[in-house]
Amino acid sequence: MISSNDFRPGVTIELDGSVWRVVEFLHVKPGKGSAFVRTKLKNSQTGSVVERTFRAGETVPQATLDKRLMQHTYKDADQFVFMDMETYEEASLSSEQIGERVKYLTEGMEVNVIKWGEQIIEVELPNSVILEVTETDPGVKGDTATGGSK
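The working numbering applies: residue 7 is where the sequence shown begins, and numbers increase by one.
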């Protein structure tokens, strides 16, 4: 359990059977009445953001997350398959679950996968990714500030 007074950006809590990440918080002490904490919470499964207010000192269950190192082994239609580097178990995620990060995901890449129970809720890519440019538009004269290539 975690107190609403201890909320910080990045803290994960369990509400309504889902995992929520605190995006923003504001501790408010009005002149009249009791203090409260106004938060913006992001659902880890759906990505939706909601605003919710907690009484100061109210306790909520903190989500127990497990971070595992996994390797992206292959893509099967819309599914991306990851293999746990320790147990060699495979798990698959759809491109919708991975989101925009799918553009930077390459086969053989090692990523951190965050699990809640047995459910994968997030894929963390490395800070830098090396990709090869396969196609680009040619430089057109007058298209740049310093001149184009010949």
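A virtual CB, placed ideally from N, CA and C, is assigned to each residue, including glycine.
If you compare the alpha carbons of A62, P144, E130 with that of S50, the shortest gap goes to E130. One Cα belongs to T70, the other to L47, and the distance between them is close to 17 Å. Residue state for I136 is assigned as coil, using DSSP reduced to three classes. Counting along the chain, E102 sits inside no beta strand (DSSP E); it lies in the alpha helix (DSSP H) bounded by residues 101-104. Between T79 and M7, the C-beta spacing is not below 8 Å.
The DSSP assignment places 42-49, 55-61, 72-82, 85-90, 96-100 as complete runs of the beta strand (DSSP E) inside the region 26-101, in order along the chain (cut-off: 3 residues). Between R74 and E57, the CB-CB gap reaches or exceeds 8 Å.
Here the C-alpha atom of V55 lies approximately 20 Å from the C-alpha atom of V34.
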